[in-house]
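Asks:
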Amino acid sequence: MNIELLYYQEIRNCKRLSPDEEKSLFERLYAGDSAARECLIHSYLRLVVNMARHPKFTRLAELMDLIQEGNIGLIQAIDSYDPSSGSSFVAFAMVCIRNRIVSFIQQSGKLLFVLDAPIFEDAEEYIVTDCSVNTIAGVVDRYSGYTLKQVISPK
Numbered sequence: 025m026n027i028e029l030l031y032y033q034e035i036r037n038c039k040r041l042s043p044d045e046e047k048s049l050f051e052r053l054y055a056g057d058s059a060a061r062e063c064l065i066h067s068y069l070r071l072v073v074n075m076a077r078h079p080k081f082t083r084l085a086e087l088m089d090l091i092q093e094g095n096i097g098l099i100q101a102i103d104s105y106d107p108s109s110g111s112s113f114v115a116f117a118m119v120c121i122r123n124r125i126v127s128f129i130q131q132s133g134k135l136l137f138v139l140d141a142p143i144f145e146d147a148e149e150y151i152v153t154d155c156s157v158n159t160i161a162g163v164v165d166r167y168s169g170y171t172l173k174q175v176i177s178p179k
């Protein structure tokens with residue numbers, strides 16, 4: 025049987041948390057309850073899968089590898105989240121998961137560059153494989169007003 029299918033079947037049964045349940049679990053976690061940590065991890069596994077399945081990631085690496093890295097990012101988010109920061113846990117976790125997945129892709133030798141657009145608050149990401157400097161310059165030229173913010177070359 026397909027391992028992805030088995031994984032999806034397993035996480036399908038994970039309970040979604042209400043804001044009050046999430047808050048209660050974090051309070052228990054900070055009091056040293058490891059069961060609360062496990063419950064938080066299981067409750068957000070579907071978030072990891074949804075993020076890992078994004079086409080800009082799946083064309084660069086195997087889905088289960090991306091999910092594994094995303095799960096590590098989720099665990100890091102749970103272990104380092106500070107509710108007094110004012111940000112929601114989901115927003116914080118999404119950043120940690122995404123960063124872990126992008127880091128994995130970068131370490132695998134794929135090319136990732138970020139174009140920074142002055143008219144948008146957030147930079148858009150373009151992940152390109154098998155391209156030359158001329159291709160990058162062509163992409164930058166097509167999006168006038170953008171500047172090449174970061175280039176990470178393949179290994």
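Residues in the sequence shown are numbered from 25 upward in steps of one, following the working numbering. Idealized CB from N, CA, C, for every residue including glycine. In this text, all values refer to a predicted model and were calculated from it rather than measured experimentally.
Between the Cα of residue 78 and the Cα atoms of 49, 122, 48, which residue gives the shortest distance?
Replies: Among 49, 122, 48, the Cα nearest to that of residue 78 is on 122.
Asks: Just the C-alpha distance for residue 108 and residue 99, rounded to the nearest angstrom, thanks.
Replies: For residue 108 and residue 99, the distance between alpha carbons rounds to 19 angstroms.
Asks: Under the assumption that residue 53 contacts residue 64 (Cβ atoms under 8 angstroms), give the Cβ distance between them as a whole number of angstroms.
Replies: Contact holds; Cβ gap of about 7 angstroms.
Asks: In whole angstroms, give me the CA-to-CA distance for residue 89 and residue 106.
Replies: One C-alpha to the other measures close to 28 angstroms.
Asks: Report the residue from 84, 71, 47, 60 whose alpha carbon sits nearest the alpha carbon of residue 110.
Replies: Considering only alpha carbons, the answer is 47.
Asks: Any idea if residue 49 is buried or exposed, counting beta-carbon neighbours within 10 angstroms, 16 or more meaning buried?
Replies: So residue 49 counts as buried.
Asks: Mark residue 102 as exposed unless 16 or more other C-beta atoms lie within 10 angstroms of its C-beta, in which case mark it buried.
Replies: The residue is buried, with at least 16 neighbouring Cβ atoms inside 10 Å.
Asks: Alpha helix (DSSP H) containing residue 85: first to last residue?
Replies: Note, residue 85: premise wrong, no alpha helix (DSSP H); not H, not E.
Asks: Assign residue 93 to one of two classes, buried (16 or more other C-beta atoms within 10 Å of its C-beta) or exposed (fewer than that).
Replies: By the neighbour-count rule (16 or more Cβ atoms within 10 Å), residue 93 is buried.
Asks: Taking C-beta to C-beta, are residue 73 and residue 96 nearer than 8 angstroms?
Replies: Cβ atoms of residue 73 and residue 96: not closer than 8 angstroms.
Asks: How many whole angstroms separate the CB atoms of residue 76 and residue 87, which I take to be in contact at a CB cut-off of 8 angstroms?
Replies: Going by Cβ atoms, the distance from residue 76 to residue 87 rounds to 6 angstroms, so yes, they are a contact pair.
Asks: Helix or strand or just coil, what does DSSP make of residue 112?
Replies: Residue 112 falls in the coil class under three-state DSSP.
Asks: Around the C-beta of residue 27, are 16 or more other C-beta atoms found within 10 angstroms, so that it is buried, or is it exposed?
Replies: Its Cβ having fewer than 16 others within 10 Å, residue 27 is exposed.
Asks: From residue 153 to residue 131, what does the alpha carbon distance come to, in whole angstroms?
Replies: Any reading at residue 153 is ruled out, since the residue's pLDDT is 41, under 50, leaving its predicted position unreliable.
Asks: How many Å lie between residue 80 and residue 126 at the Cα?
Replies: So the alpha carbons of these two residues sit roughly 10 angstroms apart.
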